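Quick note on numbering that gives the first Met the number 0: the sequence shown kicks off at 0 and runs consecutively. Take a look at the structure set out below.
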Amino acid sequence: MFFSMIFYTDKKGRGVWTVNPLFRALMLTIFLLSAAARLFPSQSESGGGAATSFIIPAFFVLTSFLGTLYRDCCIFEINTRTLILKTGLIFLSKRRLIPFDDIGSVRFITACQSKNPIEFQCALYSKEDRLLADIEHVKKNAQTALEQRAKKAAELIGCPLEYIKL
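Pasting the structure below:
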């Protein structure tokens, strides 16, 4: 994703790892501009290009609207010691609950090509070494921010942060 995710503590004291609000703001801006372009067509739109002049703005209106409603977050419920994963559109999101006791480690994984790091990933693994949740992937320029988020998650869960190099 071209916007990194963010990690913050909400008013209830929960840790929240979610899509950057700038992503939603960008999607909302594209939606409003595309919808305005659709509602107020230019004077040059007449004649044979009517189908094309409808499809492209309609595509941008629909995809930017869906992007505005997109949700991808992890909520670290400290009181109940539960991780809540929510993915999808606000009204059609998938929700998973993972007890902290089931999480064995937070892994910070470095993917290398010819010994050069090209991508970093943060994932949650069970005590049985099974992937529970693939939280975020970033390129090399966002490594430090992802590592800080991974450290916060491991601290909240109370499990180790493991560094893996592939």
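For each residue, glycine too, the CB sits at the ideal point set by N, CA and C. This structure is a prediction, so every number in the text was calculated from the model and none was measured.
DSSP three-state assignment for residue i, whether helix, strand or coil
i, result
"T8", "strand"
"S3", "coil"
"N140", "helix"
"S113", "coil"
"D128", "coil"
"T79", "coil"
"R23", "helix"
"V18", "coil"
Residue i, buried or exposed, once every other Cβ within 10 Å from all chains shown has been counted against 16
i, result
"L82", "buried"
"I54", "exposed"
"R95", "exposed"
"F90", "exposed"
Per DSSP, the bridge partner or partners of residue i
i, result
"Q120", "I108, H136"
"E161", "R106"
Distance between residue j and residue i (C-alpha atoms, nearest Å)
i, j, result
"E154", "N140", "24 Å"
"A57", "I102", "43 Å"
"I74", "Q112", "33 Å"
"S104", "T67", "32 Å"
"V18", "K114", "30 Å"
"F6", "P98", "19 Å"
"S33", "F64", "10 Å"
"E161", "M26", "35 Å"
Candidates the options: closest to residue i by CA position
i, options, result
"F30", "F59, L131, E127", "F59"
"F3", "G14, R23, K11", "Strictly speaking, residue 3 in this sequence is Ser, with Phe absent from that position. Residue R23 is the option with its Cα nearest to S3."
"T109", "L27, T8, L88, Q142", "Q142"
Check: residue i C-beta below 7 Å from any heavy atom of the ligand SAH
i, result
"L61", "As far as ligands go, the structure on display features none, and thus does not contain the ligand SAH."
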